[in-house]
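Numbering (full-length UniProt numbering), first residue to last: 1 to 257.
We treat Cβ as the ideally placed atom computed from N, Cα and C, and that holds for glycine.
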Ligand SMILES: Nc1ncnc2c1ncn2[C@@H]1O[C@H](COP(=O)(O)OP(=O)(O)OP(=O)(O)O)[C@@H](O)[C@H]1O
């Protein structure tokens, strides 16, 4: 299946042994794909490949049909600019919430557009409109726009990191355990924001340890186990009628790693 972003027959090795082999995964506009699997199986590694942080050891990553690692540096940069991501170690910088979220808007644009957007966003966010304000409203933190990022709670900071990624209207959002360590209210707010992003036709791929979260918000679920994606399908099928017995065992907590 071809999507906005597609991993085809992808293998990733760090030393000699592959973390996973022959992985196929594609993300369509407006769908939420959850990646589940035991700790250390390679979920973050796969997301890093989809985020174009590094090339796979083998196989291809295509973005809108372009083979990203066979393309020119400038084509690759154009692809990267269309991706939004929230990784676990991604912290906010020591500035206002406004600066943090607007940074996301500016850094992804080519320079002439950045200058135009700078002026528009400045007046927009001062007037209570514009992409930064809109993204903050999605995570219900528009009132925090003038707060300093270092005054935020962990849950609020995570919501701001999400707003920063959403603000420049990416084609695909890549989220690595976006709600780990969050309380139920912040978890719910991030989940609602993910669903809003999908309504805006953004494709979302997220790693999660929370099976119930995958059930609540994913359209499709990929199970990463052993050395690859053993099963990928509609959420109901994966949880109610898995085709691979290892999927059932993993979901039922019967697999010990
Ligand atoms: N940069 C790296 N260099 C060497 N090994 C790495 C590197 N990154 C990850 N690994 C190894 O690759 C394997 C997969 O790690 P990864 O973080 O992708 O798993 P994960 O499924 O996301 O785990 P978790 O659920 O605990 O976050 C692990 O054995 C890890 O130690």
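- For residue 28, the closest of 42, 5 and 49 by C-alpha to C-alpha distance is 5.
- At a cut-off of 7 Å, the beta-carbon of residue 228 does not count as near ligand 1: no heavy atom of the ligand is closer than that.
- Within the segment 168-193, not a single complete alpha helix (DSSP H) segment reaches 4 residues in length.
- Between residue 225 and residue 246, the CB-CB gap stays under 8 Å.
- Residue 92: not part of any alpha helix (DSSP H); DSSP gives it neither H nor E.
- Here residue 207 carries a strand assignment [DSSP, helix/strand/coil].
- Excluding its 5 nearest sequence neighbours in each direction, residue 68 has C-beta neighbours in its own chain below 7 Å: 52, 61, 62, 76 and 79, listed in chain order.
- The beta carbon of residue 171 sits closer than 6 Å to those of 4 and 82, all from its chain and outside the five residues before and after it, given in chain order.
- Under the 10 Å beta carbon count, residue 154 is surrounded by fewer than 16 other beta carbons and is classified as exposed.
- Non-local C-beta neighbours of residue 196 in its own chain, meaning closer than 6 Å and more than five positions away in sequence, comprise 138, ordered along the chain.
- For residue 26, the enclosing beta strand (DSSP E) begins and ends at 18-27.
- Proximity of the beta carbon of residue 44 to ligand 1 is indicated: a heavy atom of the ligand is located closer than 7 Å.
- In the three-state reduction of the DSSP assignment, residue 67 falls in the strand class.
- Under the 8 Å Cβ criterion, the segment 22-37 counts as touching the segment 218-238, having at least three qualifying pairs.
- The alpha carbon of residue 85 has as its nearest neighbour, out of 43, 240, 243 and 50, the alpha carbon of 50.
- Measuring C-alpha to C-alpha distances from residue 103 to each of 231, 149 and 7 identifies 149 as the nearest.
- Its chain contains 86, 139, 178, 190 and 193 as the residues whose beta carbon lies nearer than 7 Å to that of residue 162, once the 5 sequence neighbours on both sides are disregarded; these appear in chain order.
- By the CB criterion at 8 Å, residue 186 and residue 164 fall outside the cutoff.
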